[in-house]
Amino acid sequence: MTLENAQKKLADFGQEHLLKYYDTLSDESKSALLAQIEKTDFGMISHIADFGKNDGRGVFSPLAAMQRDEIVRREDEFRTEGIKAIKEGKTAALLLAGGMGTRLGSDNPKGMYDIGETKHVYIFQRIIENLLDVVKETGTWIRLFIMTSEKNNDASVKFLKEHDFFGYREDKISFFTQDMAPACDRNGKIYLEAPDHLSTSPNGNAGWYSSLLKAGLGHLFKDEGIEWINIFGVDNVLQRICDPAFIGATILADVSVGAKVVRKAAPDERVGVMCLEDGKPSIVEYYELSDEMMNAKDANGDPAYNYGVILNYLFRVSALEAVADDKMPLHVVEKKIPYIDENGDLVKPEAPNGFKFEQLVLDMIHQLDTCLPYEVIREHEFAPIKNATGVDSVETARALCKLNGIVL
Ligand code: UTP
């Protein structure tokens, strides 16, 4: 892109300040900055006007979850079906590790965080050990995709290599990086994180499918006969991955996606809840739940909107072709965004100072026709690490690990 074209593009979006240091840059840096301006979608900044609001939501109705009593009753049937699918190579796993983990406050990728007390127990290690349980049980190596971002890819790959992938077979792991989106201040002005670089942030965990295809890894689905893919976050150190019973139940229910859910701890708990929206599976955020929905009861007298998602989904690969990025809402999230100040010094803010833009994997669900919410026991499968202390923290996750007999 030429300087003139960049100036025009920036003027159209009121972002002319991004060329403030242009004249001081080397030729190489000038080209890099112009290239970044060329590929940046400045149009998304207009979304800060309706910050956090998902206008235009449809009509919500309950979506019944498969509950523990049925799962326990049919466990053998589900496990047999799931183990068969795993042994036939039909399932893969995909770790979403592109996030910045800003709430945890570590400079390293979240997976490198050590939750051990008497020995090292890294988050990546916990996740891989959980998957290795299934590998050992089925005698089958499962393809593991790992999504990183340009901000944490090198550190993540180096760390995992140094630790011999915690016993996982290297040739069964495929890394790819997700796309980035610009990050702006509260007035919609994009920050610079260096004189020649706009501040960017990973564009949300829904980017996994398009980024995987862009990275040229789509052929593995065909080559290896992968029909189902288990998507999960890096935060939850207890979750079961490629859980045979969950896989079997989802296959037998003949749906496009299975979603692990936990029973809500309280009607107003701050979790996204599985439901139908205009007759299609969806997730209603806690702040979108009306009092009427919060108090609604199902035929058994139980709360009708009672199951929260835990970011563990099993997608039918053939259904993913129907998912289009441009149909998913863009979420505007308040974040701490590093930037250079008027003296050109890098500032790492202590509190949120602007917005980043994300598409979320939960919005993919609404583009599919059918979903099985599958209940898991919270204390056994949900130990998210979002914060250093307090709710959903290293402390709470450690306590839950111990409750499940994991030595830290
Ligand atoms: P979070 O919503 O916790 O976001 O991600 P985060 O960016 O990691 O953490 P905070 O909000 O800054 O503290 C949930 C999961 O989705 C992944 C994360 O790595 C985590 O596994 N994720 C999130 C991505 O892979 N890419 C993204 O762009 C965002």
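Note that my numbering numbers the sequence shown so that position 374 is 492, with each residue one more than the last.
Quick reminder that beta carbons are idealized off the backbone N, C-alpha and C, glycines included.
For isoleucine 455, which of helix, strand or coil comes out of DSSP?
Isoleucine 455: coil per DSSP, three-state reduction.
Per DSSP, what kind of secondary structure is leucine 432 in: helix, strand or coil?
If DSSP states are grouped into helix, strand and coil, leucine 432 belongs with the strands.
Could you give the DSSP three-state label for tryptophan 346: helix, strand or coil?
Three-state DSSP puts tryptophan 346 in a strand.
I need the DSSP call for glutamate 134, collapsed to helix, strand or coil.
DSSP places glutamate 134 in helix when its eight states are reduced to three.
Who are the Cβ neighbours of aspartate 527 in its own chain at under 7 Å, not counting the five residues just before and after it?
Residue 527 lies beyond the residue range present for the chain, which begins at 119 and ends at 526; the question has no answer from this structure.
Comparing C-alpha positions only, which one of Phe475, Ile204 and Ser408 sits nearest to lysine 254?
The shortest C-alpha separation from lysine 254 is found at Ile204.
Decide if arginine 388 is buried, meaning its Cβ has at least 16 other Cβ atoms within 10 Å, or exposed.
Counting C-beta atoms within 10 angstroms of its own C-beta, arginine 388 has fewer than 16 neighbours from the protein chains shown and is therefore classed as exposed.
Which whole-angstrom value describes the C-beta separation of lysine 211 and leucine 152, a residue pair presumed to lie in contact below a C-beta threshold of 8 Å?
The question names lysine, yet the displayed sequence has alanine at residue 211. Rounded to whole angstroms, the Cβ separation of alanine 211 and leucine 152 is 39 Å, and the two are not in contact under 8 Å.
Check whether the Cβ of arginine 221 lies closer than 6 Å to any heavy atom of the ligand UTP, and answer yes or no.
Checking every heavy atom of the ligand UTP against the Cβ of arginine 221, one is found closer than 6 Å.
Does the beta-carbon of isoleucine 365 have 16 or more other beta-carbons within 10 angstroms, so that it is buried, or is it exposed?
Isoleucine 365 comes out buried.
How many Å lie between asparagine 270 and arginine 516 at the Cα?
Whole-angstrom Cα-Cα distance: 24 Å.
Output needed for histidine 484: all residues of its chain with C-beta closer than 7 Å, excluding positions within five of it in sequence on either side, in chain order.
Within the same chain, histidine 484 has close Cβ partners Glu395, Lys398, Pro399 and Ser400.
Neighbour-count burial assignment, alanine 124, 16 or more Cβ in a 10 Å radius
Burial call: buried.
Since isoleucine 166 and serine 317 should fall inside the 8 Å C-beta cutoff, what is the C-beta to C-beta distance between them, to a whole number of angstroms?
Contact between isoleucine 166 and serine 317 does not hold, since the beta-carbon distance rounds to 14 Å and is not under 8 Å.
Using only the alpha-carbon positions, how far apart do glutamate 342 and leucine 490 sit?
Approximately 25 Å, taken between the alpha carbons.
Taking three-plus beta-carbon pairs below 8 Å as touching, is the stretch 336-355 in contact with the stretch 424-436?
Yes: at least three Cβ pairs fall under 8 Å.
Quick check: leucine 526 and valine 190, are their CB atoms within less than 7 Å of each other?
Their beta carbons are not under 7 Å apart, which means leucine 526 does not touch valine 190 by this criterion.
For a test of the three-state rule: what should DSSP assign to glycine 426, helix, strand or coil?
In the structure shown, the three-state DSSP call for glycine 426 is strand.
Under 8 Å by Cβ, that's how I've got tyrosine 404 and alanine 183 pegged, so tell me the actual separation to the nearest angstrom.
That belief does not hold up - the Cβ atoms of tyrosine 404 and alanine 183 are roughly 17 Å apart, past 8 Å.
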